[in-house]
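Reading through the structure tokens given below for one structure.
Numbering (the UniProt record's numbering), first residue to last: 1 to 260.
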């Protein structure tokens with residue numbers, strides 16, 4: 001588990017699964033592919049063979065590895081944290097067995113001092129398996145939606161039994177002017193960062209912010225992105241937007257929060 005995560009909307013990461021497969025345009029420049037290659041070069045066997053080189057860049061090759069040794073790790077952390085689950089993979093990847101997913105959920109239920117944030121692009125499998133999972137209150141479930149072509153993922157999320165549901169609209173690759181936010185508690189928006197980053201339009205971001213304000217959905221603007229994301233920053237209309245859903249730990253309430 002990594003402490004002091006640089007991701008603006010979480011505090012730590014936990015990766016019981018490593019490796020993934022590219023399935024939509026939002027995956028094209030995924031930072032986790034570069035990181036997996038780097039970790040393999042540093043001698044971490046968990047990430048060995050999970051990427052291939054294509055056009056001079058690391059790409060997922062479909063190898064997915066389960067990490068039994070890290071499965072119970074969150075229980076050893078006594079102080080509660082906000083934990084992003086599988087920043088280096090997708091828990092609902094088709095190669096992750098249902099039994100292993102259940103064991104991940106069992107760990108999250110037992111480690112009730114933490115809040116766990118799960119993101120997936122495999123929304124169909126998420127909905128399919130939802131009925132077979134026990135959803136503790138400390139598990140937040142989200143889907144990634146990079147453009148209007150993938151808004152259907154929100155409908156699958158809505159049909160799950162997760163108590164807190166959120167959207168990661170990152171990397172934002174196009175306008176999302178007609179979001180159905182019924183049953184959604186939180187929206188994270190961000191431009192793409194790193195090499196070959198694709199540009200984000202301020203109007204796309206403002207549209208989502210305004211829709212969240214109208215629907216009483218907590219809005220979190222992560223970054224403008226670009227090759228140097230520190231230079232472009234994360235200020236939107238002269239302020240930062242660091243909202244969290246009501247169920248977030250109180251110390252993370254930097255701005256107004258809304259009821260789920």
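Backbone N, C-alpha and C fix where the C-beta goes; we use that ideal spot for every residue, glycine too.
Do residue 14 and the ligand FMN come close, with the Cβ less than 8 angstroms from some heavy atom?
With respect to small molecules bound, the structure shown includes none, and the ligand FMN cannot be examined in it.
On a CA-only basis, which of 210, 5, 111 and 223 is nearest residue 76? Give me that one, please.
Considering only alpha carbons, the answer is 111.
Taking the continuous beta strand (DSSP E) assigned at residue 117, which residues delimit it?
Here the beta strand (DSSP E) through residue 117 covers 115 to 120.
With a 10 Å radius around its C-beta and 16 neighbouring C-beta atoms as the bar for buried, classify residue 222 as buried or exposed.
So residue 222 ends up on the buried side.
Give the single residue among 197, 208 and 151 whose Cα lies nearest to the Cα of residue 232.
The candidate whose alpha carbon is nearest that of residue 232 is 197.
Below 8 angstroms on the Cβ atoms is my guess for residue 88 versus residue 141; work out the distance and round it to an integer in Å.
That pair is no contact at about 18 angstroms.
Going by DSSP, which residues form a beta bridge with residue 166?
Answer is 142 and 186.
How many angstroms separate the CA atom of residue 237 from the CA atom of residue 206?
Each residue's Cα considered, the two are about 9 angstroms apart.
Put residue 258 into one of helix, strand or coil per three-state DSSP.
Confidence at residue 258 is low in this model, with a pLDDT of 44, below 50, so the placement of that residue should be treated as unreliable; the coordinate-derived value is given next. Strand at residue 258.
Thinking C-alpha only, which one of 54, 128 and 51 is nearest residue 101?
Cα-wise, what sits closest to residue 101 is 128.
Kindly list the residues whose CB is nearer than 7 angstroms to the CB of residue 91, restricted to its own chain and excluding five residues on each side of it in sequence; keep chain order.
17, 85, 101, 104, 118 and 120, listed in sequence order.
Alpha carbon to alpha carbon, how far is residue 61 from residue 54? Give it in angstroms, no decimals.
Using only the alpha carbons, I get a separation of about 10 angstroms.
Assign residue 35 to one of three DSSP states: helix, strand, or coil.
Reduced to three states, the DSSP call for residue 35 is helix.
Report the option in 107, 39, 208 and 51 whose CA atom is closest to the CA atom of residue 174.
When each option's Cα is compared against that of residue 174, the closest is 208.
Using DSSP with H/G/I as helix, E/B as strand and the rest coil, what is residue 108?
Three-state DSSP puts residue 108 in a helix.
To the nearest whole angstrom, what separates the beta carbons of residue 99 and residue 15, a pair I think is in contact under 8 angstroms?
The Cβ separation is near 18 angstroms, so there is no contact.
How big is the Cα-Cα spacing for residue 154 and residue 80?
Whole-angstrom Cα-Cα distance: 29 angstroms.
Assign residue 50 to one of three DSSP states: helix, strand, or coil.
Here residue 50 sits in coil by DSSP.
Could you tell me the distance, in whole angstroms, from the CA atom of residue 216 to the CA atom of residue 49?
Distance between the alpha carbons of residue 216 and residue 49 is about 44 angstroms.
If you drop the 5 nearest sequence neighbours on each side, which residues of the same chain put their C-beta closer than 8 angstroms to that of residue 8?
Only 220, 222, 223, 234 and 242 meet the Cβ criterion.
Taking Cβ positions, are residue 108 and residue 143 nearer each other than 9 angstroms?
The answer is no: Cβ separation not under 9 angstroms.
Please say whether residue 122 and residue 94 have beta carbons closer to each other than 9 angstroms?
It is a contact, given that the beta carbons lie within the stated cut-off.
Would residue 136 and residue 29 be called neighbours here (beta carbons separated by less than 9 angstroms)?
The answer is no: Cβ separation not under 9 angstroms.
How far does the alpha helix (DSSP H) with residue 232 in it extend, from its first residue to its last?
From DSSP, the alpha helix (DSSP H) with residue 232 extends over 229 to 232.
Would you mind giving the Cβ-Cβ distance between residue 26 and residue 64, rounded to the nearest angstrom? I have them listed as a contact below 8 angstroms.
So it is not a contact: roughly 18 angstroms between Cβ atoms.
Determine the DSSP secondary structure at residue 84, reduced to helix, strand or coil.
Strand, per DSSP.
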